[in-house]
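Structure first, then comments.
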Amino acid sequence: MTFLLHDALWQFIPIAFVIGFYSILRVYIWSGPLTIVVIPFIIGMVTDQSLTDTFLRLISNYGVAFGLGYAFQLLVTNHKQSLIIHKQNNVLEQYVYEVEQLTLQEERNRLSRELHDTVGHTFTTMIMGMETIHSSLADEKVGHKLNVLLNTARDGLQDMRKLVHQLEPSAMNLSLVQYVKQLIDKFMESTDTSVKFRYFGDEYNLSKEVKLTIIRCIQETLTNAVRHGQASEIKVSLYFDSLELRLQVEDNGVLEQAKKIELGFGLRAMKERLQALQGNLSIHTDNMEETVIICTIPRNSEANTETLKVILVDDQPGILDGLKTTLESHNQLQIVGIAESGEDALSLSSLNQPDIVLMDVNMPNMNGIEAMEAIKEKNPMIKIVILSSFENIDQAVEALQKGANGYLLKSIQAKELIDTLRFIHRGDTIIYHEIANQVFEKLKEQNISAGKHDKNDYGLTSREIEIIHYLAKGMRYKTIAARLFLSEGTVRNYASEMYAKLGVNNRDQAVEKCIENGLIPN
């Protein structure tokens, strides 16, 4: 145009501005000299401009236009970055708020559970003990004072239960779907991100731990999708399948998101939470356009939901009443018989065919161990749990050697007793943790004295082999307990019993010996 119309020199000024605006990153290194120096010289030559005019008019004008375009580009870029920072700040604020709320709920849940299992058990034990003493008192004055103490203890237990219910997080009383909807609504309000939520199937009862884990996973995936993937649309789906609970989060973020979140602390913590519930986490990407995160938690097995039939045996009516009250409060336990002697326990077991017999060891005529042998002879499938008031190591060893499936002290906490009965029904052998080490030491001494060193004579159960596999992988007792749905104390009991059977003193020696004898792979 300048060749045809020499007066059209100004028309390159907007072009220089546009070139300056699009000279992002390091493009200006070559676009600047080309726009400011090379092209003006060519235009000056075409239009027969003097060298002075070329410098004063063309280079200066085009240089100013290029500079203004580049400066405007920096201004726009800074504005975009400030918007991104503001948006991500909103995401982080929402994330911090949810973390605080969920952490508070978890702590309140833990405190309420601890109060129930410690103070509540203490009150229950006191009441049971005073009722036992009350039945044998002849002095009316002493009996009256004992009644006052009993009423005081019952009032204290009632007040403690009210406190426990107040401490339990009210948000956890919501269904999982309701809580997720609330979480997503708050997230969309804070981040201006479109999140679509759907659920499939009928929601079933979930523990507070499962609810909190799913909520944490949703919170983490939503935050990662916006922060790392710059996602504008997110889809959250919950599947209530018969075998598992599945969470699926899809977003239209970039593929780089998957690389970043794989290394993130939040995602590792999320994975550990799922694994603690025997769950799994997986990340998938599709043609660099979509990221899908899937979290699965298996539904409780039928063994955990079926009702267990239990017979209680004790020669003290007060103890029987206390046990009956404790166990009847759990909807998965059914008391099908109560006996005050070994003979009655034998006849009730033949009549009702229970899953478990919870039996006192010291009873007149036929003690608990003798009654256990008679019951096992008629029906070996019945699980027998021996109860004792005092620590008697020789008695515990004798009971275990004669087929007892558990040996517990009557001071065991109510929740632990209920969990222990479920574990025993699934095939575990449980020894109360306060005497377990002494019992295993006794068994170890007997094994060593008998010279049981052949690999076929160790007598490790399938559960013990499973635990030694995890120990060989370097897992801690707490992690193993979560994976196997056992308490940490139960896993420690298993480990101690394995050490006794193998004739070793620690996990390293146990792993080494099992590898040497081919019990576990190297």
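So the sequence shown is numbered by this note's numbering: it starts at 35 and just counts up by one. Note that CB positions come from ideal geometry on N, CA and C, so glycine has one too.
Beta-carbon separation (whole angstroms), residue i vs residue j, contact threshold 8 Å
i, j, result
"Q122", "R261", "6 Å"
"R232", "L279", "Actually they are not in contact, since the Cβ atoms of R232 and L279 sit about 15 Å apart, beyond 8 Å."
"G103", "F55", "4 Å"
"E404", "G371", "The pair is not a contact, with the Cβ atoms about 18 Å apart (cut-off 8 Å)."
"P74", "L92", "4 Å"
"K343", "N386", "7 Å"
"E127", "S224", "7 Å"
"I427", "A379", "Going by Cβ atoms, the distance from I427 to A379 rounds to 24 Å, so no, they are not a contact pair."
"A448", "T360", "5 Å"
"M406", "G437", "7 Å"
Cut-off 6 Å between Cβ atoms - residues of its own chain near residue i, not counting five sequence neighbours on either side
i, result
"N413", "none"
"I465", "Y441, V473 and N527"
"G298", "With a pLDDT of only 47 at G298, under the threshold of 50, the placement of this residue in the model should not be trusted; the figure read from the coordinates follows. For G298, where only same-chain residues beyond five positions count, there are no Cβ hits under 6 Å."
"M522", "In the sequence on display, residue 522 carries Glu and not Met. Answer for E522: Y511, K512 and A515, listed in chain order."
"I268", "V229, A259 and D285"
"E550", "none"
"Q366", "T341"
"V525", "Y511, I514 and A515"
Burial state of residue i, where buried means 16 or more other Cβ atoms lie within 10 Å
i, result
"V283", "buried"
"R510", "exposed"
"D226", "exposed"
"K179", "exposed"
"M397", "buried"
"S84", "exposed"
"A430", "buried"
"M532", "buried"
"L35", "It is worth fixing the name first, because residue 35 is Met in this sequence and not Leu. Flag for M35 reads exposed."
"G356", "buried"
"Q435", "exposed"
"F106", "exposed"
"A373", "buried"
"L346", "buried"
"D41", "exposed"
"K535", "buried"
"G78", "buried"
"R582", "For residue 582 there is no data in the structure shown, the boundaries of the chain being 35 and 556."
"V182", "exposed"
"L39", "exposed"
"S335", "Here the model assigns S335 a pLDDT of 40, short of 50, so the residue's position is not dependable and the matter cannot be decided."
"D389", "buried"
"V176", "exposed"
"V52", "exposed"
"D488", "Reliability of the predicted coordinates at D488 is poor, the pLDDT of 43 falling under 50, and the value obtained from them is presented with this limitation in mind. Looking at its Cβ environment, which holds fewer than 16 other Cβ atoms inside 10 Å, D488 is exposed."
"S241", "exposed"
Residues of its chain near residue i, where Cβ-Cβ distance is below 7 Å and the 5 sequence neighbours each way are ignored
i, result
"N439", "K417, I418, V419, I458 and T463"
"Q312", "P332 and R517"
"I446", "Y466"
"L277", "P332 and R333"
"A470", "N527 and S530"
"T124", "The sequence given here has Asn at residue 124, not Thr. Once the five neighbours on either side are set aside, the close Cβ partners of N124 are S224 and T225."
"L382", "I345, G371 and A373"
Sequence-distant residues of the same chain with beta carbon closer than 8 Å to residue i, five excluded per side
i, result
"L421", "D348, L392, M393, D394, V395, G402, L442, L443 and K444"
"Y96", "F46, I47, A50, T69, I70, I73 and P74"
"L301", "E254, N258, I295 and L315"
"I554", "I499, I502, H503, A506, V545 and C548"
Residue from the options whose Cα sits closest to the Cα of residue i
i, options, result
"C329", "S375, L354, L281 and M304", "L281"
"Y492", "V525, L518 and K547", "K547"
"I327", "Q107, T255 and A529", "T255"
"L246", "D275, Q264, V211 and S271", "V211"
"M164", "T524, P351 and R302", "P351"
"L217", "I248, Q264 and F234", "I248"
"I58", "I73, I93, V110 and Y273", "V110"
"N239", "F274, H503 and A448", "F274"
"S266", "M222, E550 and E407", "M222"
"G101", "I77, N124 and P67", "P67"
"G235", "T325, Q115, K242 and S271", "S271"
"V214", "R188, N185, T186 and V244", "V244"
"E362", "S423, L451 and M160", "L451"
"V538", "I63, E475 and S381", "E475"
"R541", "T524, G508 and S384", "G508"
"V130", "R250, T86, E237 and K114", "R250"
"W2", "A99, E306, S65 and F424", "No answer is possible for residue 2: it lies beyond the span of the chain, which begins at 35 and ends at 556."
Residue i: CB within 8 Å of a non-hydrogen atom of the ligand GTP
i, result
"Q543", "The ligand GTP is absent from the structure shown, which contains no ligands of any kind."
For the segment 422-448, list the beta strand (DSSP E) runs that are entirely contained and at least 3 residues long, ordered along the chain. 440-443
Kindly provide the ranges of any beta strand (DSSP E) runs that are 3 or more residues long and lie completely inside the segment 204-245, ordered along the chain. 228-234
Starting from the N-terminal side, write out each stretch of the alpha helix (DSSP H) that is 4 residues or longer and does not extend beyond the segment 362-423. 376-386 and 402-412
Minimum length 3: unbroken beta strand (DSSP E) runs contained in the segment 44-69: none
Ignoring anything shorter than 4 residues or poking outside the segment 68-110, list the alpha helix (DSSP H) runs there in chain order. 73-80
Give, in chain order, every unbroken run of the beta strand (DSSP E) that is at least 3 residues long and sits entirely within the segment 257-281. 267-274
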